[in-house]
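Q:
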Amino acid sequence: MSTSLEVPDRLELVMDGAGLLAGAANVIMQLSHPAVGYGVVESRVESGQIFRHPIKRTRTTLTYLVVAARGTDEEKEAFRNGVNRVHAKVQSGPDSPVQYDAFDPELQLWVAACIYRGFEDVHRSMHGELTATESEYFYQQGATFGTTLQVPKEMWPDTRAAFEEYWNKALADVSIDDTIREYLVSVAKVEFMPAVVSRLFGRLNLFFTTGFLPPLFRDQMHLTWTAKDQRRFDRTMSTIGAVSRRIPVTIRELPYILLMRDLRRRMRTGKPLV
-16 MSTSLEVPDR LELVMDGAGL LAGAANVIMQ LSHPAVGYGV VESRVESGQI FRHPIKRTRT
44 TLTYLVVAAR GTDEEKEAFR NGVNRVHAKV QSGPDSPVQY DAFDPELQLW VAACIYRGFE
104 DVHRSMHGEL TATESEYFYQ QGATFGTTLQ VPKEMWPDTR AAFEEYWNKA LADVSIDDTI
164 REYLVSVAKV EFMPAVVSRL FGRLNLFFTT GFLPPLFRDQ MHLTWTAKDQ RRFDRTMSTI
224 GAVSRRIPVT IRELPYILLM RDLRRRMRTG KPLV
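Using our numbering, the first residue of the sequence shown is number -16, and each one after it goes up by one.
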């Protein structure tokens, strides 16, 4: 995406692999919109269900992030086509508690907004606040999280300030009922992975997930969070950030680099991308 803003020196931190710690929190934010939540929970696309195919679903989700952020126009189009074939099957039925359609650009805008907000939150927790120039630059780049699918460029709020207005208004639609909450708690505890993984890392992942959630989403999830928890979270993320800044960029970005290599291999060999 073209922009007249000066490129910040810390641009590479946007794809810091440590940001994966916030993955479940971002999923919760996205699915907190009832139409998105039920679109995922009720999805008839068996191959995309995380509790049936956890590795595949995780790969697809993370690949979308790196393609949207770093992919070429050709790669974005190829991935879009793959996602579209899946999304064509994701529509509400007569018994669905809410109406939804995975092609709805308003819902995709919400998902893209959550993804962008998540990148900001990760950066803030690890490296501190962005400067005004950095904030606007990263924000303009963030439009690609929506435009890679069906969100027209003109739907992405023009400025970071306009995005904040959109975000605050969109929060009125946040509502997590018992069905979606139960699903999301299981995701946060990594219960979609083998039992030994959940036992070893479930509690820790729930801690990071709760820490990355803004208060509104935390309350909707019925998750407790104390001032002591916040201090522990802040210290931990600050330490991770300090370590991350001393690691070469290629190492920090390794998960995303590997995902892009996998995508390009799949494109070369004609394998499904989604």
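C-beta atoms are modelled at their ideal positions from N, C-alpha and C, and glycine is treated no differently.
Predicted model only: the values in this text are computed from it and were never measured.
Could you check the C-alpha separation between threonine 114 and phenylalanine 121 for me, to the nearest Å?
A: Rounded to the nearest angstrom, the two C-alpha atoms are 10 Å apart.
Q: Could you tell me how far apart the beta carbons of aspartate -1 and arginine 218 are, in whole angstroms, since I believe they sit closer than 8 Å?
A: So it is not a contact: roughly 18 Å between Cβ atoms.
Q: Count the other CB atoms within 10 Å of the CB of alanine 144; is the residue buried (16 or more) or exposed (fewer)?
A: Classification of alanine 144: exposed, given that the 10 Å Cβ count is below 16.
Q: For glycine 125, which option in Lys211, Leu4, Ala52 has the closest C-alpha, if you only look at C-alpha atoms?
A: Out of Lys211, Leu4, Ala52, Ala52 has the C-alpha closest to the C-alpha of glycine 125.
Q: Specify, as a first and last residue, the run of the alpha helix (DSSP H) that leucine 246 falls within.
A: Per DSSP, leucine 246 belongs to the alpha helix (DSSP H) from 237 to 252.
Q: Bridge partners for aspartate 84 per DSSP, in chain order?
A: Aspartate 84 pairs with Gln74.
Q: Can you have a look at leucine 48 and say buried or exposed, based on whether 16 or more other CB atoms are within 10 angstroms of its CB?
A: Flag for leucine 48 reads buried.
Q: If the criterion is Cβ atoms closer than 8 Å, does the pair methionine 220 and methionine 138 meet it?
A: Not in contact: methionine 220 and methionine 138 (Cβ atoms no closer than 8 Å).
Q: When we look at the beta-carbon of serine 15 and count the other beta-carbons within 10 Å, is it buried (16 or more) or exposed?
A: Serine 15 should be labelled buried.
Q: Measuring straight from C-alpha to C-alpha, what distance separates tyrosine 149 and proline 140?
A: Roughly 7 Å separates the two Cα atoms.
Q: How should phenylalanine 34 be labelled, buried or exposed, when 16 other C-beta atoms within 10 angstroms of its C-beta is the threshold for buried?
A: Counting Cβ neighbours within 10 Å, phenylalanine 34 comes out exposed, since fewer than 16 surround it.
Q: Distance, Cα to Cα, valine -3 vs threonine 41?
A: Summary for valine -3: the model assigns pLDDT 49, below 50, so the residue's position carries little reliability; its value from the coordinates is reported in the next sentence. Distance between the alpha carbons of valine -3 and threonine 41 is about 19 Å.
Q: Under 8 Å Cβ to Cβ from tryptophan 93, same chain only, skipping five residues before and after it: list those, please.
A: So the qualifying residues of the chain are Gln13, His16, Val19, Ala153, Asp156.
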